[in-house]
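Everything in the sequence shown is counted per our numbering, starting at 1386 for the first residue and increasing by one.
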Amino acid sequence: MLPASTTENGQCVAFPDACKTPAGPTVVPVPYPNTAQLDQSDMATVSMTVFIVGKNAVTENTEITSSSGDEAGVEGGVVSGTIKGPARFRLGSSIVSIEGYAAAYCGTQIGQNGDNNNAPLGVQVTPSQGKVFVAP
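Here is the structure:
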């Protein structure tokens, strides 16, 4: 069992997010860590009926509006052409569903930096809370 995700806390990380970065007169691809914070979730995509420790539950439908960490790559991602893109969970619990969507939990895979990710799938690495647990 793993901690259920909420809008209270939680950090998701993907690495490397290769972005085109100015280096003197040239532009080179540089790998950056890409992070997304669950407290920046789009409230239209979280549960409006299930609350965990007083905060909205997060599901595979949840979108985090913006990720960060790749801002120095001002020329955009090598693949996506994007920096600071949104993040969306790719999987969730195979047992627990919330409003018809799989519940997200610490350890869930998440696509970061938009739909055309130039980073490998990320993962929620810090839990949102420590009282309610779900099965993967």
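Even for Gly, the Cβ is constructed at its ideal location relative to N, Cα and C.
| Check | Outcome |
| --- | --- |
| With DSSP run on the structure shown, which of helix, strand or coil describes residue 1425? | helix |
| So which of 1498, 1515, 1456, 1519 has the shortest CA-CA distance to residue 1479? | 1519 |
| Is the distance from the Cβ of residue 1421 to the Cβ of residue 1472 below 7 Å? | yes |
| CB-CB under 8 Å to residue 1457, same chain, minus the five flanking residues each way: which ones, in chain order? | 1404, 1406, 1415, 1417 |
| Starting from the Cα of residue 1427, find the closest Cα among 1387, 1412, 1514, 1452 and give me that residue. | 1452 |
| Is the separation between the beta-carbon of residue 1499 and that of residue 1461 shorter than 7 Å? | no |
| With DSSP run on the structure shown, which of helix, strand or coil describes residue 1430? | helix |
| So, is residue 1410 buried or exposed, given that buried needs 16 or more other C-beta atoms within 10 angstroms? | exposed |
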